[in-house]
Amino acid sequence: MNMHMKDFTEIALELPREVDREVAGDIEKESVFVSPMIDRIIVNSDGKTARLVTRPGADLQVATDKALRFLAVMVRQVSGFEIKVFVDTKRKDTGPYQIGVNDGLVERGWMHDYGKGQVAYSGPVLKLAQLINEKSGQLYHAAFNAIDGHYPAMIDADTLHKCGYFDSHPNAVTFVGNVVEDFDAIEEFRLANSCSEGALMPKQEHIHHDGMCLNPAACFPCYPTLTGQKFVEGQCYTWLGRVFRYESRNINGLDRLYEFNVRELVFVGDEDYVRSCRAKALPIVEELASFIDIDCQVQTATDPFFATVSAAKKFWQAAQEVKNEIKIPALGNDGSQKMLACGSINLHGNFFGKRFDFTCANGEPAQTGCVGLGIERWVLAAFTQHGFEPARWPEAVRNRIFS
Ligand SMILES: [Zn+2]
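Numbers given in this note's numbering equal positions in the sequence shown, counted from 1, plus 174.
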């Protein structure tokens with residue numbers, strides 16, 4: 175079979191092994207990274223079969239082979255680890271969840287969606303984003319005596335490599351490209367665009383990557399600044415970070431952005447200190463959720479690693495219980511309820527201390543942990559749970575964002 179199809183084609187596949195909904199969800203999400211020929215792979219509700227949707231022009235045999243190789247590694251994921259819930263807040267607002275929040279925010283002129291995973295916002299959306307950032311910053315100062323900082327949005331590839339990011343999430347990286355420092359290449363690019371309708375990119379061979387990337391995890395830029403330091407007592411740092419994750423076709427309003435903001439908290443010290451910080455972070459998430467009056471849970475979780483390393487790394491994370499996720503109920507585009515991951519609380523062991531050479535009192539590599547709050551997702555979750563009627567919002571929030 176070597177047909178070239180003009181349209182999207184659906185091919186029925188059998189999975190190498192039956193999967194549960196959790197693994198099925200990962201397969202569907204990661205399937206956009208399998209091949210430019212593949213639109214996505216949807217696992218049927220039986221958990222045993224799937225539908226491969228190929229894009230126009232796909233070589234069906236090649237696409238099918240690639241899909242099967244992807245599925246072979248993805249079905250190895252072990253799921254079904256007991257999910258432990260550490261925080262479970264319930265809102266007082268008794269109104270229904272609001273459907274179509276993304277569209278509602280755009281209609282009201284509070285949000286502009288550029289369509290590529292980036293949004294601009296103003297009015298109540300901006301005020302709520304600022305309020306969540308400020309409130310969490312205040313709580314971090316009070317509980318951890320955290321030091322404020324600011325870090326760049328771009329990050330060196332060597333730093334990302336040291337952080338292990340290329341090994342775990344190679345599909346999510348964004349490289350910054352520049353036109354090669356060549357008079358003729360630059361002039362060719364200028365001329366081509368001076369009379370064109372839309373933007374024309376430079377030729378592939380005229381773009382070079384000098385090793386700058388867009389930062390894909392809020393805490394990474396902090397670690398190089400700690401090199402050579404000895405943390406006799408623990409220390410916390412907090413800031414608002416700009417984060418970029420290439421999501422391909424998975425982008426979807428405030429649910430899944432390419433570029434977003436994270437209120438980050440990093441703790442550095444010995445194991446006791448870092449573990450005590452994680453414990454202290456839980457009631458803070460609870461307080462923040464109660465302040466905004468939303469249903470919210472913190473529970474054990476794993477990261478969406480790239481297919482080939484997914485099974486092993488997820489198993490390690492789940493077994494060690496090093497990742498807790500902040501999950502806030504929201505609605506999917508079809509109105510069904512889903513748990514939106516709005517942040518995470520992570521323990522890294524001495525991984526970063528070793529890689530970036532900073533120590534604790536006994537001279538051993540220091541341990542680290544972090545808490546990241548995805549600001550735009552908190553905003554989406556809050557509007558989903560309270561809707562657009564100011565009266566339904568808690569007074570302290572309402573007075574601030576609708577005034
Ligand atoms: Zn982090």
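In this text, a Cβ means the ideal position worked out from N, Cα and C, and glycines have one as well.
Confirm, please, whether the CB-CB distance from residue j to residue i is below 7 Å.
i, j, result
"Pro-376", "Phe-363", "yes"
"Lys-501", "Gln-471", "yes"
"Ile-425", "Gly-291", "yes"
"Cys-534", "Gly-443", "yes"
"Val-448", "Gly-543", "yes"
"Thr-399", "Tyr-314", "no"
"Ile-201", "Val-227", "no"
"Ile-257", "Thr-476", "no"
"Ala-294", "Val-553", "no"
"Ile-468", "Ala-565", "no"
"Val-545", "Ile-519", "yes"
"Cys-387", "Val-347", "yes"
"Glu-445", "Tyr-432", "no"
"Ser-253", "Asp-332", "no"
"Thr-263", "Ala-455", "no"
"Leu-514", "Arg-551", "yes"
Give the range of the alpha helix (DSSP H) segment to which residue i is assigned.
i, result
"Met-248", "234-248"
"Gln-378", "Premise fails: Gln-378 is in no alpha helix (DSSP H) and is neither H nor E."
"Ala-391", "Neither: Ala-391 is in no alpha helix (DSSP H) and is coded neither H nor E."
"Ala-556", "549-560"
"Leu-365", "357-368"
"Lys-222", "Where Lys-222 is concerned, there is no enclosing alpha helix (DSSP H), given that its DSSP letter is neither H nor E."
"Asp-332", "331-336"
"Arg-195", "195-204"
"Leu-279", "275-281"
"Asp-341", "339-342"
Output the distance between the C-alpha atoms of residue i and residue j, rounded to the nearest integer angstrom.
i, j, result
"Glu-192", "Ala-492", "20 Å"
"Asn-524", "Trp-284", "43 Å"
"His-380", "Arg-419", "25 Å"
"His-382", "Pro-344", "19 Å"
"Ile-549", "Thr-268", "24 Å"
"Glu-569", "Pro-457", "21 Å"
"Met-175", "Leu-234", "Unreliable placement is indicated for Met-175, whose pLDDT of 45 sits below 50; the coordinate value is still reported in the next sentence. If you take the alpha carbons of Met-175 and Leu-234, they lie about 7 Å apart."
"Val-236", "Arg-282", "46 Å"
"Phe-557", "Ala-391", "25 Å"
"Leu-245", "Leu-187", "10 Å"
"Asn-389", "Pro-326", "8 Å"
"Lys-203", "Tyr-271", "25 Å"
"His-522", "Ala-366", "48 Å"
"Ser-577", "Tyr-288", "27 Å"
"Pro-478", "Glu-361", "42 Å"
"Val-571", "Ile-466", "7 Å"
"Asp-322", "Leu-439", "9 Å"
"Arg-156", "Ile-273", "Nothing about residue 156 can be reported from this structure: the residues present for the chain run from 175 to 577 only."
Assuming residue i and residue j form a contact by the criterion Cβ under 8 Å, report the distance between their Cβ atoms to the nearest whole angstrom.
i, j, result
"Ile-329", "Phe-394", "6 Å"
"Arg-214", "Lys-336", "Not quite, the Cβ-Cβ distance comes to about 33 Å (not below 8 Å), so this is no contact."
"Thr-238", "Leu-189", "Not really, about 13 Å apart at Cβ, beyond 8 Å."
"Phe-182", "Pro-230", "7 Å"
"Asn-148", "Gly-427", "No answer is possible for residue 148: the residues shown for the chain start at 175 and end at 577."
"Val-247", "Ala-485", "7 Å"
"Leu-414", "Arg-430", "20 Å between Cβ atoms; not a contact."
"Phe-318", "Phe-489", "Not confirmed; about 31 Å, so no contact."
"Gly-278", "Phe-480", "34 Å between Cβ atoms; not a contact."
"Glu-184", "Arg-243", "About 19 Å separates the two Cβ atoms, so there is no contact after all."
Check whether the Cβ of residue i lies closer than 6 Å to any heavy atom of ligand 2, and answer yes or no.
i, result
"Cys-451", "Looking at this structure, you won't find ligand 2 anywhere; what it does contain is ligand 1."
Determine the extent of the beta strand (DSSP E) in which residue i is found, giving its start and end residues.
i, result
"Ala-121", "This structure gives no information on residue 121, because the portion of the chain shown stretches from 175 to 577."
"Leu-521", "511-523"
"Glu-569", "Premise fails: Glu-569 lies in the alpha helix (DSSP H), 569-575, not in any beta strand (DSSP E)."
"His-286", "285-287"
"Asp-505", "In the sequence under discussion, the amino acid at residue 505 is Leu, which differs from the Asp named in the question. Per DSSP, Leu-505 belongs to the beta strand (DSSP E) from 497-505."
"Phe-260", "259-263"
Mind pulling the alpha helix (DSSP H) runs of 4 or more residues that sit fully within the segment 416-471? Scanning the segment 416-471 from its first residue to its last, the whole alpha helix (DSSP H) runs of 4-plus residues come out as 445-466.
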